[in-house]
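Residue numbers (this note's numbering), protein chains in the order written: chain H, 1 to 553; chain A, 554 to 840.
Where a beta carbon is used, it is the ideal one built from N, C-alpha and C, also for glycine.
If you're wondering where the values come from, they're calculated on a predicted model, not measured in any experiment.
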């Protein structure tokens, strides 16, 4: 352990009334508390979205199963996808960005603290509005219907004629409202990174975490806007009889697809670039080497951000586009592999020759590297339009994007949780439980998503409620569902570990990992003002300079 | 930066309090108002009306929080010792570049142009050996040239065994062009790889690269040139690869070494003129 300095004062603070504590959290404009609120809110929805996934998988464990009705199954896949993307992944990356960007750049708070609070609360209320549909949504099947049109809600299924009642409106309005929060947070992150860096921290000396959050925030601004526009157009169609997506009246269903995917594909990078940021901070510290190729990593991140806006229609190969569009989007999709490959090589080069410590954050990062590589390779396969024509909308695609989102993003997030938990809570997590979490989740992930490729290759379409026996899908679906229970057990251990350790864990000290970025120079958890005096930095690793005055960067 | 420049990042502030933005309930009130405003579309107009009122009240309250002056609270500073300890052992340094605070190896290497020159020289050596093969084994200098042209030229593919040994101007020009471009590209790649093997260019060019290249060609030749795949004599082919590499390596060795630019910051290597651009390179004399 590098440091024994402990923030005794805050941990031993006198007990306060529950009302006082609640008031503090509700009225806070502190970026750290808001970051924690984002994260806790996302974990709650992670559990809910996980339960929805489990219900789907139990339904598919054997052919001709009737665990839930077809209507509930449709609601489950719609709510699972929507929840995981909009109310788990986005809030959680915003939470980490909120908490750590100001600390890493030596700032006292975000640029707009009140906007920050507004952004969190409106995002949270958006999620609650969506889930209120279970109670208040009078959809096709009667009172209390959640949306059931799939997470990308293709037209014309969302038209009033095919989606009666208000369940689809809850989906539209929930995302519209939470989108306001996303735009607010993105604006805040950009302003914070560009305007509040401490003295000496030029863009070239900024931690990669801050760089990647800057790129992510730019993507959010550009990507969420078309989605918001599309939601408004859909609401106009449904409420005022406009015909944007009504093919019977001169509208275009394909227009919705373009609007959705020009948001949807950059959204993947909105989520994965923060995962890159976590990995780019954890791997160097746990390899005891600076990141390999810092400028190239920055360049690759910006390139990925740029390219992410040129590839959206690869989600539409099966819709039927002309050969020029197919060729353009196939090639541009393949191009994403170049900067992404550079990143993977740079992470490996950082580990190469390093003194690697296999702590739990590093284990998750190593798994991330392997799994994200495989996810990229199946992505390259699907970028080939004729291949996509065969496997589009099959379980192969489902397996591919879960490899990205779970194998890549979620594993990166778990690494981040374990890496920064001591800073956020002031206490260390239970290492044995964290290893149990890692191995159970790893086994469960591979049981589920490795084997999910196979029924896809055998022709099993996504979103089907049940299937006939004897098509060669049975055993693979059984294995896939068994894997879900391993993952669920891992998640329960993870949540239990965080709860228990935040109360009973060993004191962590300021800098338990012997790390190099500024957040480790202040107390754990950091005081409200972050730094008593704003720091001055001279290199990319300011704490290294302090620890090694004979060998500064 | 010299060690003197490494200012402590966390130091005693001398401050008693730090001013921070005051907590406020108006953002949550406004967020709830906007949500209710939307929720009215799927519930009842009264919900929207309530939401609208709440949103406006939230906005007004928020504005009053920041106008005319932003509300702050003073948070007392808890002074803490900025203890930063480290578990790393001290190690002795190799005196490879005493003038640099931290040396990145290699300090010197060959320029990329050396690889290009080597590639061109190797091209000549390879061509000589290939022609020698044609004369010795097939009795014609044009035989290997026609085979090479078949990589990209359909007419060459159609040549019969009898005409393969004859001169064909189109095949000859295309083979020369193909050979020149490939040699140049291989030379460029060679030049780019030289910093990885700065001490043994002949080992890289004369042994490692020919073995790898021959292995690659052995696997893909059937796709890129079926005619050459049928007729190829692998002994001569590998020998010509070695000839290319050894000659290229010898030419490279004769070139002057240059100082590696990895120690320069990226902006300078990329040719940008930026303020503070030299910050990445520090010598003990010129911090």
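- Buried/exposed call for residue 616 (chain A), threshold 16 Cβ in 10 Å: exposed
Count the other CB atoms, across all protein chains shown, that sit within 10 Å of the CB of residue 281 (chain H); report buried if there are 16 or more and exposed otherwise. buried
- Task: Taking all protein chains shown into account, decide if residue 343 (chain H) is buried (16 or more other Cβ within 10 angstroms of its Cβ) or exposed.
- Result: buried
Practice problem: Round the Cβ separation of residue 31 (chain H) and residue 110 (chain H) to the nearest angstrom and send it over; I've been treating them as touching at under 8 Å. | Solution: 5 Å
Every unbroken alpha helix (DSSP H) within the stretch 646-725 of chain A, with a cutoff of 4 residues, ordered by chain: 665-686, 695-702 and 707-710
Could you tell me the alpha carbon to alpha carbon distance between residue 582 (chain A) and residue 166 (chain H), rounded to whole angstroms? 25 Å
Chain A contact residues for residue 166 (chain H), given Cβ-Cβ distances below 9 Å
594, 595 and 596
- Assign residue 41 (chain H) to buried or exposed, taking buried as 16 or more other Cβ atoms, counted over all protein chains shown, within 10 Å of its Cβ. buried
Quiz item: How about residue 103 (chain H) and residue 530 (chain H): do their beta carbons lie closer than 7 Å?
Solution: yes
| message | Which of the three DSSP states is assigned to residue 207 (chain H) in this structure? | response | coil
What does residue 507 (chain H) pair with, by DSSP beta-bridge criteria?
H:427
According to DSSP, is residue 88 (chain H) helix, strand or coil? helix
Q: Output the distance between the C-alpha atoms of residue 205 (chain H) and residue 291 (chain H), rounded to the nearest integer angstrom.
A: 12 Å
If you draw a straight line from the C-alpha of residue 543 (chain A) to the C-alpha of residue 743 (chain A), how long is it?
There is simply no residue 543 (chain A) to check, as chain A begins at 554 and stops at 840 in what is shown.
Review point. How big is the Cα-Cα spacing for residue 533 (chain H) and residue 120 (chain H)?
Key: 28 Å
Quiz item: At which residues does the beta strand (DSSP E) containing residue 625 (chain A) begin and terminate?
Solution: 625-629
Could you have a look at residue 760 (chain A) and say whether DSSP puts it in helix, strand or coil? helix
- Task: Taking only the alpha-carbon atoms, compute the straight-line gap between residue 753 (chain A) and residue 357 (chain H) and give it to the nearest angstrom.
- Result: 34 Å
Quick check: the Cα distance between residue 702 (chain A) and residue 681 (chain A), rounded to an integer number of angstroms? 17 Å
May I have the straight-line CA-CA distance separating residue 21 (chain H) from residue 585 (chain A), to the nearest angstrom?
-> 20 Å
Using the Cα positions of residue 496 (chain H) and residue 439 (chain H), report the straight-line distance between them to the nearest angstrom. 16 Å
**Message:** Using only the alpha-carbon positions, how far apart do residue 794 (chain A) and residue 679 (chain A) sit?
**Reply:** 7 Å
Starting from the beta carbon of residue 136 (chain H), find every residue of chain A whose beta carbon is closer than 8 Å, and list them in chain order. 595 and 596
State the Cα-Cα distance for the pair residue 224 (chain H) and residue 181 (chain H), rounded to the nearest angstrom.
10 Å
Worksheet item: Does the beta carbon of residue 813 (chain A) sit closer than 7 Å to a beta carbon anywhere in chain H?
Response: no
*asked:* Taking CB distances under 7 Å as the criterion, tell me whether residue 580 (chain A) reaches chain H.
replied: yes
Check your understanding: Which residue's Cα is closest to the Cα of residue 359 (chain H): H:210, H:389 and H:287?
Key -> H:287
Requested in this report: Let me know the secondary structure DSSP gives residue 160 (chain H) once reduced to three states.
Outcome: coil
- Could you give the C-beta distance for residue 552 (chain H) and residue 425 (chain H), rounded to a whole number, given that I count them as a contact under 8 Å? That belief does not hold up - the Cβ atoms of residue 552 (chain H) and residue 425 (chain H) are roughly 31 Å apart, past 8 Å.
For a contact meaning CB atoms closer than 7 Å, what does residue 615 (chain A) contact in chain H?
114
Exercise. Check whether the Cβ atoms of residue 106 (chain H) and residue 39 (chain H) lie closer than 7 Å to each other.
Key: no
query: Buried or exposed: where does residue 622 (chain A) fall if 16 or more other Cβ atoms within 10 Å of its Cβ makes it buried?
result: exposed
Using a C-beta cutoff of 7 Å, does residue 662 (chain A) count as contacting chain H? no
Checklist line | Range of the contiguous alpha helix (DSSP H) that encloses residue 573 (chain A) | finding: First-last for residue 573 (chain A): 570-574, but that is the beta strand (DSSP E), not the alpha helix (DSSP H).
* Just curious, the alpha helix (DSSP H) that residue 79 (chain H) is in, first and last residue? -> 70-82
7 Å Cβ cutoff, residue 100 (chain H) in contact with chain A
no
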